[in-house]
Each structure stands twice: as structure tokens, then as C-alpha cells.
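Numbering (the UniProt record's numbering), first residue to last: 3 to 575.
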Ligand code: HC1
Ligand code: SF4
């Protein structure tokens with residue numbers, strides 16, 4: 003353990019730590035901008051400069067390592083002035099349309115300007131060669147807002163190991179762009195949206211679909227049904243100032259009802275349905291020599307990554323559509339039939355924590371008889387905006403229940419939104435189906451938590467089933483390489499495109515770099531889903547009485563011809 007002095011306080015630190023981290027632990031927040039924990043620690047923006055006794059130059063706290071006896075000053079007139087000047091220069095080159103900017107109030111640049119008491123910016127914004135790229139169905143890039151912090155680049159290149167974005171040109175002309183300044187839709191971007199989550203400003207955002215949804219809601223001729231993904235209830239409260247990790251399931255349902263949707267259903271119902279279809283598909287592959295390991299297909303970011311980078315694993319993907327697509331297909335068939343509504347007059351809205359779901363729902367494969375399964379996908383952030391637009395005081399709302407029957411779900415479905423959730427839900431059902439009894443074992447702790455690759459094995463009627471859970475495309479790449487090299491052998495793998503799974507998808511509320519230093523957002527949000535699971539009486543998908551009814555009345559059995567027509571898909575090379 004080392005001892006150093008920061009602003010007169012003796013602080014203990016471990017070798018290799020930076021001044022920024024040691025100071026944070028001692029309750030001293032050094033302002034930062036380009037810094038993003040374990041992602042972008044490059045000292046580029048110079049906002050975090052500090053004084054170190056005995057040194058002539060100011061040093062960036064985010065990269066400067068602690069040392070025994072170091073005396074550091076983080077707050078002085080010199081530092082305040084230097085930080086202010088640096089920030090003013092940055093602001094001079096930034097399109098300062100804060101009033102109409104979608105990051106207004108969640109912008110880290112804006113907060114810093116307020117914190118550092120910036121009262122004037124000396125130069126007018128007059129940058130030329132601005133790119134506003136909205137060609138993709140999911141992501142928009144606005145270079146006029148970019149502050150060249152490099153957080154998106156590091157996230158895409160190092161965390162996701164995809165590398166779509168990079169610095170181009172030199173000096174004053176420097177920009178962050180895809181190679182050859184292509185539009186995002188012409189790259190191998192998988193729409194995970196993790197670059198959006200890393201961006202401190204508004205240079206990257208989702209393509210909004212709010213107006214499409216308002217238009218449908220105002221059309222009396224259309225029956226508008228909404229489904230909310232498991233991960234929305236863990237994070238929507240943050241849009242209204244509630245702490246990270248607040249469960250708002252009941253309030254979310256109340257808000258959706260107030261917005262005027264004819265039915266408020268839950269994607270979790272379809273998560274239970276996915277477990278039935280995927281569970282039987284796995285059993286079939288195990289028993290009949292199908293392609294193994296079977297890999298989950300509910301994360302469209304991961305599916306695109308597989309299509310772009312590992313086409314030799316496409317056959318390994320489960321043919322199941324993702325739950326929200328299954329849900330749409332069931333609404334426009336079973337639900338339409340039961341309620342005698344013309345499926346052409348039904349508009350299905352998915353509220354998703356993920357921007358890749360926008361691209362997924364637009365895929366040609368995801369329609370039945372010329373009708374799209376899902377008509378519009380909005381993110382948690384977009385839902386927050388709609389609730390505010392409608393003047394709904396979210397925090398004052400009481401709790402409401404999802405509509406029945408497509409809002410009934412088990413604990414197994416609720417945990418889908420956290421890494422390991424799909425695997426745990428599958429195991430709960432699979433073991434019972436194979437063993438032919440209602441086993442007591444419900445919880446599989448080896449697949450919980452945020453370790454990049456989690457492994458386990460269970461015995462199924464004397465046969466060993468090896469499985470792995472992977473989150474983030476970088477980890478997916480690692481596991482697939484190990485399989486190709488013959489180092490690893492699994493029967494079943496859950497892969498989610500984003501680290502942490504859907505709870506930290508690219509459509510979730512923004513969390514500042516400062517907050518991310520204090521807590522692991524993945525863990526806090528996942529806790530909510532495990533709480534929800536524990537509260538449920540029925541915690542195994544095959545025991546959901548409404549799923550049973552759906553098979554009895556409509557689908558026949560899992561993997562039936564009808565199931566295949568509605569609930570399964572294929573992928574492209
Ligand atoms: Fe997910 Fe899924 S869990 S993919 O993470 O399988 O987005 O929450 O809705 O479709 O259910 C996301 C979450 C979500 C699907 C389900
Ligand atoms: Fe990279 Fe994902 Fe952003 Fe695309 S959406 S640029 S893949 S981080």
C-alpha cells in the first residue's frame with residue numbers, strides 16, 4: 003500500500019492506480035471529459051490536470067500513476083483557469099445548440115461547463131465539413147457535436163473489438179468517422195449502440211421512432227399494442243431521477259396505459275415462449291446430431307456480429323426469432339384471431355433497451371404474410387421522452403398490472419435481460435423436461451454475474467451438458483476462436499452483444515462517466531431482474547399457464563410447423 007497526499011488528505015492507494023482513482027476513493031472528484039473507466043484512459047482532453055509538488059508541468063490525473071509520498075493539488079486558481087481555458091476552446095468548436103439538443107441535461111460537456119462556471123465562449127462555431135449521417139435505421143452520427151474525446155472509438159475498438167470508428171484527418175480537420183467516411187449503414191456496425199452509451203455529448207444517438215408511435219396512437223382505426231422488454235423496468239426510473247437499480251415495473255405499466263396503448267403486454271411472455279422453442283430445438287439437436295454448440299439468437303447485435311465476422315457459425319445459431327419478434331408474430335396471428343381484429347390494423351410497438359432491435363425488426367425475415375412482426379421499436383430513452391411529452395408525472399404514478407394473457411410471465415423470463423438469464427431460464431425448463439419432474443433447483447449461480455465468459459456443466463439423464471455464457475462481442479470472438487481451435491467444446495452458449503446483457507443495452511438511459519466510476523451499472527440493474535424473479539410464484543417457463551394454453555389452442559407443440567412459420571427465422575452470410 004502506498005501513501006500520498008491529495009489536497010492535504012493522506013490517501014492510501016495501490017501501485018498502478020492513477021491519481022484520479024485514488025482521489026475518487028478519498029471523496030475528491032477531479033473533473034474529466036475523455037476519461038471512461040477501463041475503456042478510454044488516455045489523458046487527451048487535459049481537463050483532469052492537477053499540480054504535483056516538485057513538477058513544473060501540470061499532469062493529467064487520469065493517467066498519472068500514484069507514488070509513495072506524492073503531494074497532489076486538484077483545486078487551485080491556476081487549475082481552475084487552465085481547465086476553463088481548455089473547456090472554452092473545446093466549446094468554441096462545438097455546435098452549441100443545447101436548447102434543442104437531445105442530450106440537454108444528460109450532456110457531460112454541458113455539466114462540466116456549469117461546474118467550471120463558464121460564462122462566455124470567445125469564438126463562434128463555424129466548423130465546415132459537418133456530417134449528419136442518418137442513413138442507418140438505428141444510429142445517427144452528428145459530427146458537429148463531436149468533441150474528439152475518443153470514447154466511442156475505444157469502446158467500439160477495444161470493448162466490442164469491432165472498430166468501426168476512428169480519428170481521420172489531422173489538426174483542425176480531425177474527425178471521428180467510419181473508414182472512408184462511409185455512412186454507418188455501409189459498415190459492419192452491429193448497432194449495439196455501445197458507442198452511444200460512451201459518448202458524453204450528442205455526436206451519436208439512436209434513430210428516433212417516437213413520431214411513428216404517436217401517429218399510430220392517434221389513428222382510431224389502428225389497434226396499438228405495446229410490449230416492454232424485461233430490461234426496461236430496471237432503468238426507466240433513471241429517466242425520472244430515480245437511482246440506478248430502482249424497480250419500476252408497475253409505474254412503467256401505468257405510464258404505458260396513460261399513453262393510450264390499447265394493450266400493455268410484456269416481452270417476457272414471449273421470453274417464456276422462446277424457452278419452449280429454443281429448449282426443444284436444443285434437445286432435438288442433441289438427440290439427432292444437429293449442429294452444436296447451439297448459440298442463442300435473441301441479441302440482434304450479436305447475430306449481426308456473427309453474420310459479419312463469423313459466418314461459419316451461422317448454422318450454430320438457434321433458428322428462434324428473438325422474443326419481441328415472436329411476440330409480434332403471436333399478436334398478429336393468435337391474438338388477432340381470438341379478438342377478431344384484422345392483423346393489418348394492428349400496430350405492434352416494442353420498448354427495448356437496445357437500438358439493434360430497430361434494425362432487427364426491419365429485417366425482411368421478420369415478417370409473416372407480408373406483415374412485419376413489429377412495427378416500431380423505441381428505446382427506454384425514447385419512452386422516457388414520450389412520458390415527459392405527455393405530461394405524465396412518472397414518480398407520482400401508482401402501480402398497474404400488465405394486460406392478460408400476453409402480459410403473464412415467469413421469473414425465468416424476467417431474468418432474460420441480464421447476462422446469463424437466458425441460460426438459467428433454459429436450464430430450469432430443460433432439466434425438468436429431460437428428468438420428467440419438477441426439480442427443486444431453480445437458481446444457477448455459475449451463470450450470474452459480470453465475468454466475461456462463464457462456464458458450467460450439468461448432467462441430463464446421465465449425459466453431460468457443457469454450456470457457456472458470454473456477453474460483449476469481444477468475448478464472443480474469444481469463445482468462438484477457442485471453439486475453432488478445438489480448445490473448448492460446448493453444447494449450448496448464450497451470447498449477448500453488450501457487456502452485461504440487455505440491462506446495459508445501447509438504448510438505456512445515459513449514465514455519466516463519473517457515475518460509472520462509483521458503481522457497476524450492469525450489476526445494479528441486473529439485481530432488479532433477480533428480485534423480480536424471486537418474487538414470482540412461477541419461475542419456470544414451461545409452467546406458465548398461458549404458454550401452455552397458447553400451445554393447446556394454437557401452436558400445437560414446440561417446433562411445430564406453425565411454430566416454425568411464425569416463430570423461427572434464418573440468417574444471412
Ligand atoms: Fe432483451 Fe430479449 S432479453 S433481447 O436482452 O431476449 O433488448 O430486456 O427484450 O427480444 O425478452 C433486449 C431485454 C429483450 C428479446 C427478451
Ligand atoms: Fe461500434 Fe456498436 Fe457503435 Fe456500431 S453501434 S459503431 S458496432 S459500438
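Beta carbons: idealized from backbone N, C-alpha and C, even for Gly.
Subject >> Best match in 266, 165, 162 and 378 for proximity to residue 218 [C-alpha to C-alpha] >> reply: Here residue 218 corresponds to residue number 216 of the chain shown, with the count starting at 1. With distances taken between Cα atoms, residue 218 lies closest to 378.
**OP:** From the DSSP output, in three-state form, read off residue 287 for me.
**Re:** As a first step, residue 287 is located in the chain shown; it is residue number 285 there, counting from the start. In the structure shown, residue 287 sits in a helix (DSSP, three-state: H, G or I).
Original post:
Beta-carbon separation of residue 241 and residue 386 under 8 Å?
Top reply: Position 239 of the chain shown, counting from 1, holds the residue named residue 241. Position 384 of the chain shown, counting from 1, holds the residue named residue 386. Yes, the pair counts as a contact, with Cβ atoms nearer than the cut-off.
Original post:
residue 150 by DSSP, collapsed to three states: which one?
Top reply: The residue labelled residue 150 in the question sits at position 148 within the chain shown. Coil at residue 150, not helix or strand.
Original post:
Any heavy atom of ligand 1 within a distance shorter than 7 Å of the CB on residue 273?
Top reply: The residue given as residue 273 occupies position 271 in the chain shown. Yes, since a heavy atom of ligand 1 falls inside the 7 Å radius drawn around the Cβ of residue 273.
Original post:
Taking Cβ positions, are residue 149 and residue 111 nearer each other than 8 Å?
Top reply: As a position in the chain shown, residue 149 is number 147, starting the count at 1. As a position in the chain shown, residue 111 is number 109, starting the count at 1. Yes, they are a contact pair.
Original post:
Which stretch, first to last residue, makes up the beta strand (DSSP E) that contains residue 312?
Top reply: Working through the chain shown from its first residue, we reach residue 312 at position 310. No beta strand (DSSP E) holds residue 312; DSSP gives it neither H nor E.
Original post:
Under the three-state reduction of DSSP, which class applies to residue 63: helix, strand or coil?
Top reply: Numbered from its first residue, the chain shown carries residue 63 at position 61. Three-state DSSP puts residue 63 in coil, outside helix and strand.
**OP:** With ligand 2 as the reference, list in chain order each residue whose Cβ lies under 6 Å from any of its heavy atoms.
**Re:** 141, 157, 158, 162, 164, 166, 167, 191, 192, 193, 194, 195, 196 and 197
**OP:** Select from 39, 34, 35 and 11 the residue whose C-alpha is nearest the C-alpha of residue 19.
**Re:** In the chain shown, counting from the first residue as 1, residue 19 sits at position 17. Closest option to residue 19, Cα to Cα, is 39.
Original post:
How far does the beta strand (DSSP E) with residue 73 in it reach, from first residue to last?
Top reply: Translated into positions along the chain shown, residue 73 becomes position 71. Note, residue 73: beta strand (DSSP E), 73–75.
Subject >> Contacts around residue 560, its chain only, beta-carbon distance under 6 Å, and the 5 residues preceding and following it disregarded >> reply: As a working note, residue 560 is residue 558 in the chain shown. Around residue 560: 278, 279 and 282.
**OP:** Could you tell me which of 91, 489, 357 and 117 sits nearest to residue 142, measuring between CA atoms?
**Re:** Within the chain shown, the letter at position 140 stands for residue 142. Checking every option, the nearest Cα to that of residue 142 belongs to 357.
**OP:** Express the C-alpha separation of residue 492 and residue 103 in angstroms, rounding to a whole number.
**Re:** Numbered from 1 along the chain shown, position 101 holds the residue referred to as residue 103. Numbered from 1 along the chain shown, position 490 holds the residue referred to as residue 492. Residue 103 and residue 492: Cα-Cα distance of roughly 47 Å.
Original post:
For the beta strand (DSSP E) that contains residue 475, what are its first and last residues?
Top reply: Position 473 of the chain shown, counting from 1, holds the residue named residue 475. It is not in any beta strand (DSSP E) - residue 475 instead sits in the alpha helix (DSSP H) that spans 475–486.
Original post:
What does DSSP give as the partner residues of residue 296 in its beta bridges?
Top reply: If you number the chain shown from 1, residue 296 lands on position 294. For residue 296, which the question treats as bridged, DSSP gives the partners 494.
Original post:
With distances taken between CB atoms, is the gap from residue 123 to residue 163 smaller than 8 Å?
Top reply: By 1-based counting over the chain shown, the position of residue 123 is 121. By 1-based counting over the chain shown, the position of residue 163 is 161. No, the Cβ-Cβ distance between residue 123 and residue 163 is not below 8 Å.
Subject >> Chain-order list of residues whose beta-carbon lies under 7 Å from that of residue 467 (same chain, five-residue window excluded) >> reply: Here residue 467 corresponds to residue number 465 of the chain shown, with the count starting at 1. Cβ within range, chain order: 459, 460, 493 and 494.
Original post:
Taking Cβ positions, are residue 422 and residue 496 nearer each other than 8 Å?
Top reply: Working through the chain shown from its first residue, we reach residue 422 at position 420. Working through the chain shown from its first residue, we reach residue 496 at position 494. Yes, these two residues count as a Cβ contact at 8 Å.
Subject >> Cβ contact (3+ pairs, closer than 8 Å) linking the region 293–304 and the region 538–545 >> reply: no
Original post:
Looking only at C-alpha atoms, which of 571, 498 and 411 sits nearest to residue 552?
Top reply: Sequence index remark: in the chain shown, residue 552 carries index 550 (1-based). For residue 552, the nearest C-alpha among the options comes from 411.
Original post:
To the nearest whole angstrom, what separates the beta carbons of residue 521 and residue 26, a pair I think is in contact under 8 Å?
Top reply: Translated into the one-based positions of the chain shown, residue 521 becomes position 519. Translated into the one-based positions of the chain shown, residue 26 becomes position 24. At roughly 12 Å, the Cβ-Cβ gap does not stay under 8 Å, so residue 521 and residue 26 are not in contact.
Original post:
According to DSSP, what are the bridge partners of residue 54?
Top reply: Counting from 1 along the chain shown, the entry for residue 54 is found at position 52. Note: residue 54 sits in a beta bridge opposite 74.
Subject >> Reference residue 355; option with closest CA among 329, 382 and 343 >> reply: Indexing the chain shown from 1 puts residue 355 at position 353. Of 329, 382 and 343, the residue nearest in Cα terms is 382.
**OP:** From the DSSP output, read off the bridge partner residues of residue 79.
**Re:** Taking the chain shown and counting its residues from 1, the one referred to as residue 79 is at position 77. Bridge partners of residue 79: none, in fact.
Original post:
Can you give the Cα-Cα distance for residue 270 and residue 530, rounded to whole angstroms?
Top reply: The sequence position of residue 270 within the chain shown is 268, counting from 1. The sequence position of residue 530 within the chain shown is 528, counting from 1. The straight-line gap from Cα to Cα measures roughly 14 Å.
Original post:
If you measure from the CB of residue 103, is any heavy atom of ligand 1 nearer than 7 Å?
Top reply: Along the chain shown, one-based indexing puts residue 103 at 101. Because no heavy atom of ligand 1 lies under 7 Å away, the Cβ of residue 103 does not count as near it: no.
Subject >> Nearest candidate by alpha-carbon position, reference residue 206, set 144, 189, 261 and 302 >> reply: Translated into positions along the chain shown, residue 206 becomes position 204. Of the listed residues, the one whose Cα sits closest to residue 206 is 144.
**OP:** Count the other CB atoms, across all protein chains shown, that sit within 10 Å of the CB of residue 574; report buried if there are 16 or more and exposed otherwise.
**Re:** In the chain shown, residue 574 corresponds to position 572, counting from 1. Label assigned to residue 574: exposed.
Original post:
So residue 543 packs on residue 274, CB below 8 Å; how close in whole Å?
Top reply: Here the question's residue 543 lines up with position 541 in the chain shown. Here the question's residue 274 lines up with position 272 in the chain shown. Contact flag correct, Cβ pair sits at about 4 Å.
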